Every structure is written in C-alpha cells, then in structure tokens.
Amino acid sequence: MYTHKWSAKDPKAAMVLVHGTGEHHGRYEHVANYFNERGWDVYTGDLPGCGRSGGKRGHIDSFHEYVDTVRQWTLKACADAEGRPVFIMGHSLGGLIVTRFVQNDEKSKKLSGVILTSPCLQLQLEVPAWKAHLAQALNRFWPTLTIPNGITPDMVSRDADIQLRYRTDPFNYHKVSVRWFQELHHAMDQAWANRDKLDVPMLVLQAGDDFLVNAKAVENFVDGVRGEITFRKYAGLRHEILNEPEKEQILNQMEEWMNQEIKRNVTY
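Numbered by our numbering, the letters in the sequence shown go through residues -9 to 258 in order.
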C-alpha cells in the first residue's frame, strides 16, 4: 500500500488521515498543510485499490483490507509520536473504516480522539430491491465486476474549481465492484450494531446538504453512542466539507476540539 507522511517542523501531536471512496490522499494536501503549520504530523496513504496503491481499482475482497491498512498507518503514527497525542480522521468511506477500526481493534485505545467527516453510515439514495438482489447474485459469480459509483462532481462540493479537479484528477476512480458494494453494506450494518464499542472521544462533522450520505442517519447514529461525542451539522454544505468554501472555519473547529482534548487529558 502507498503511504505518505506530511511532517511538521516541530511536531506536538499527530493525525492519521483516511480518504473516501474512489479518491486518494493527495486531495487532502491542503488539510495536511493547515495542520503541519500548527504542529501536527499527518500520516496517510492510499487505500487498497485506490490512488497509487496496488490492487484492482475500486475492488476489495473484504472490508478488513481497509481496516488493516488503517491499523498499520495508526501503529506507525503512534510509534513515531513517542507519547505525543495521536488522533485519527476519516472522511466518508474513511469515516466508516475508522469507525470499524475503533470498534474492533484494541490498538485504537492508543488514540486521543476520532474525527469523522460526513461518515458513510447510511447511503442517501435507497437501492431498489431488484438491484440489491442482482448484486447479491453477481457477488457470488462475478464479484470483481465494476460499475459506476454514481458520484458526480457537483455532489461533492459547491466550489466549481473543486468540481473540475475532481472530474479530471487521474488518481480518482469512479467505479466500484459488486463485492465492494456488498462489503460496504455489511460494514455499515456492523457499525450500527456495535455503537456501544465507540468509547474514545469523537467529533462528528456532517454536511447538511449531503447527496451521498444520509445526514439524518448520521445524527441518529451519534444519538445512540454512549461515549463522549460532539456532533455538528453544517446547513447548506455538500459532502466534502473540507473542500467547501467554509473549509477554513471547519479546520479551525477541528483543531480547537483536538487541542481541548489534549488539555483535558493533561489535566486529568
């Protein structure tokens, strides 16, 4: 798997960053630059089948491939941090991966906190029953068959420049496999079933005008988490809140929340 680290000059803490469906880590360079300037090392990479990483484009055999990859990034960040705080942030599909990692892996207990942006916990568009049955059949006989993911540039951001770059980025891939689709839905079901295992501080930031993720479902998910959690929904913003015109405001809020968590841990 392709991994990358954006280094701060004098690091005080670290962040692991997990990208979303069909994209790659390079789309978050502006996020990394923001946190590098404020003393955060940023660890990331391209998920299996994405960007510069190996594997069939848009395909996984099991969702565990994603979770295992994020586990390796996290272990590296924690080892390098040598006791400094480490947070993890996941966007969309990355938010679901991070959720499953925290729910299942004891290594996540090393984290100081979790940030999810527009996490993929329920899709906005309902899949017709006949399509779901067809996908189940194809999953047995032709699991690597890829189909368009249905994401259009205007769904991700209101920013015309972001839309153009999303469409023309050679490292973006706009298809997913039948197996990927099945594994995604199974992972979402498991995330809901194991909400009681989310026991680290969490900040969940959700786009209010999300065409891809069901914003109300994310809010309901958060309501059922028993751990310490902060939820904010941004009216009018589309799916990629860190690529919206208001991104600076959101980055500021992320940094403020992480700094508060660091101070709270030092105090207690």
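A virtual CB, placed ideally from N, CA and C, is assigned to each residue, including glycine. A quick note: this is a predicted structure, and the numbers were derived from the prediction, not measured.
Residue i CB to nearest heavy atom of the ligand MG below 8 Å
i          : result
residue 99 : In terms of ligand content, the structure shown is empty, and the ligand MG therefore cannot be addressed.
Residue range of the alpha helix (DSSP H) that includes residue i
i           : result
residue 229 : Here residue 229 belongs to no alpha helix (DSSP H), and DSSP marks it neither H nor E.
residue 35  : Here residue 35 belongs to no alpha helix (DSSP H); instead the beta strand (DSSP E) covers 30 to 35.
residue -5  : Where residue -5 is concerned, there is no enclosing alpha helix (DSSP H), although the beta strand (DSSP E) it sits in stretches over -7 to -4.
residue 154 : 150 to 158
Supposed contact pair residue j and residue i - C-beta distance, whole angstroms, cut 8 Å
i           : j           : result
residue 9   : residue 170 : So it is not a contact: roughly 15 Å between Cβ atoms.
residue 129 : residue 166 : Actually they are not in contact, since the Cβ atoms of residue 129 and residue 166 sit about 12 Å apart, beyond 8 Å.
residue 42  : residue 95  : Not really, about 25 Å apart at Cβ, beyond 8 Å.
residue 261 : residue 177 : Because residue 261 is not part of the residues shown, which for the chain are -9 to 258, the question remains open.
DSSP-derived helix/strand/coil call for residue i
i           : result
residue 257 : Confidence is the limiting factor: at residue 257 the pLDDT is only 45, short of 50, which leaves the residue's position unreliable, though a coordinate-based value still follows. Helix, per DSSP.
residue 223 : strand
residue 127 : helix
residue 175 : helix
residue 21  : helix
residue 143 : helix
residue 266 : A query on residue 266 cannot be resolved here, the shown segment of the chain reaching from -9 to 258 and no further.
residue 111 : coil
residue 85  : helix
residue 50  : coil
residue 16  : helix
residue 215 : coil
residue 106 : strand
C-beta contact flag for residue i and residue j at 9 Å
i           : j           : result
residue 115 : residue 208 : no
residue 31  : residue 69  : no
residue 23  : residue -4  : yes
residue 155 : residue 235 : no
residue 59  : residue -9  : yes
residue 47  : residue 224 : no
residue 4   : residue 92  : no
residue 82  : residue 34  : no
residue 188 : residue 217 : yes
residue 205 : residue 172 : no
Element boundaries [beta strand (DSSP E), containing residue i]
i           : result
residue 193 : 192 to 197
residue 78  : 76 to 81
residue 165 : 165 to 167
residue 135 : Careful: residue 135 lies outside any beta strand (DSSP E) and carries neither H nor E.
residue 7   : 3 to 8
Contact the region 228 to 235 vs the region 92 to 108: 3+ CB pairs below 8 Å: yes
The region 157 to 166 / the region 13 to 25 touching (three or more Cβ pairs under 8 Å): yes
Cβ contact check for the region 90 to 105 and the region 132 to 148: 3 or more pairs under 8 Å: no
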